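Throughout the sequence shown, residue numbering follows the working numbering, covering 10 to 137 in sequence.
Note that beta-carbon positions come from the ideal geometry of N, C-alpha and C, so glycine has one too.
Predicted, not measured: the structure shown is a model, and the values here were computed from it.
Below is one structure, written out as structure tokens, with a few remarks after it.
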Amino acid sequence: MPLSPARILTIRQGGVQPTGSWLYIWVDTRTGEVAYVGATGFDPELRAHLHLESDDPQLARVRATVPEYAHRDFDVLAWVIPEGVDRRAAKENLISRLSGGAEAAEEPGDVTDSIVQSLEDYRRRLNR
Numbered sequence: 010m011p012l013s014p015a016r017i018l019t020i021r022q023g024g025v026q027p028t029g030s031w032l033y034i035w036v037d038t039r040t041g042e043v044a045y046v047g048a049t050g051f052d053p054e055l056r057a058h059l060h061l062e063s064d065d066p067q068l069a070r071v072r073a074t075v076p077e078y079a080h081r082d083f084d085v086l087a088w089v090i091p092e093g094v095d096r097r098a099a100k101e102n103l104i105s106r107l108s109g110g111a112e113a114a115e116e117p118g119d120v121t122d123s124i125v126q127s128l129e130d131y132r133r134r135l136n137r
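Following this line, the structure appears as structure tokens:
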């Protein structure tokens with residue numbers, strides 16, 4: 010069986026280097042509830058691990074803010090944000106959209122439109 014190409018993890022001066030920009034949503038698999046919305050420059054797997062395992066509440070935001078997180082099951086849906094899109098603005102726009110805010114009117118809207126649609130598709134599959 011042929012192996013896939015090597016994935017290169019870049020460590021410089023004792024630190025893991027960012028891999029790009031991501032938006033991600035923690036979804037409770039039982040209820041479909043969005044438990045957390047985040048944005049990161051690191052791989053979503055690393056960020057999810059830090060959310061659960063770090064002792065620093067700034068890194069372990071899910072652990073610090075989501076009730077009963079250790080007794081719930083989540084799927085983390087993650088999307089790469091295209092270069093040139095402000096990650097913070099895209100996250101704020103996504104949170105606004107998911108909490109019933111107005112439709113996106115600026116550049117992050119293009120990104121969040123497809124994320125909202127993808128989340129709706131995921132929730133439909135959960136309910137089957």
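Residue(s) in a DSSP beta bridge with residue i
i      : result
PHE83  : ASP37
GLY24  : ARG21
VAL120 : In the DSSP output, where bridge partners are listed per residue, VAL120 has none listed.
LEU32  : ALA48 and TRP88
Cβ-based neighbour list, residue i, same chain, cut-off 6 Å, excluding 5 preceding and 5 following
i      : result
ALA69  : HIS60 and SER63
ALA113 : Only weak support exists for where ALA113 lies, its pLDDT of 49 falling under 50; the value from the coordinates is given anyway. So the list reads ASN102 and THR121, once near-sequence residues are dropped.
Of the listed residues the options, nearest to residue i (C-alpha basis)
i      : options                       : result
LYS100 : GLY50, GLN22, ALA15 and THR40 : GLY50
VAL71  : ARG97, THR40, ALA98 and ALA48 : ALA48
LEU55  : ALA73, GLY24, MET10 and GLY41 : GLY24
Exposure of residue i, with buried meaning 16 or more beta-carbon neighbours within 10 Å
i      : result
ALA15  : exposed
ARG139 : The structure shown does not extend to residue 139, since the chain is modelled only from 10 through 137, so no value can be given for it.
GLN22  : exposed
Sequence-distant residues of its chain with Cβ nearer than 8 Å to residue i (five each side left out)
i      : result
VAL89  : GLY29, SER30 and TRP31
GLN26  : THR19 and ILE20
LEU128 : ILE34, VAL36, VAL43, LEU86 and LEU107
Same chain, Cβ closer than 7 Å to residue i, five either side skipped, listed in chain order
i      : result
ILE124 : LEU32, TRP88 and LEU103
Bounding residues of the alpha helix (DSSP H) (the contiguous stretch that carries residue i)
i      : result
ASN102 : 96-107
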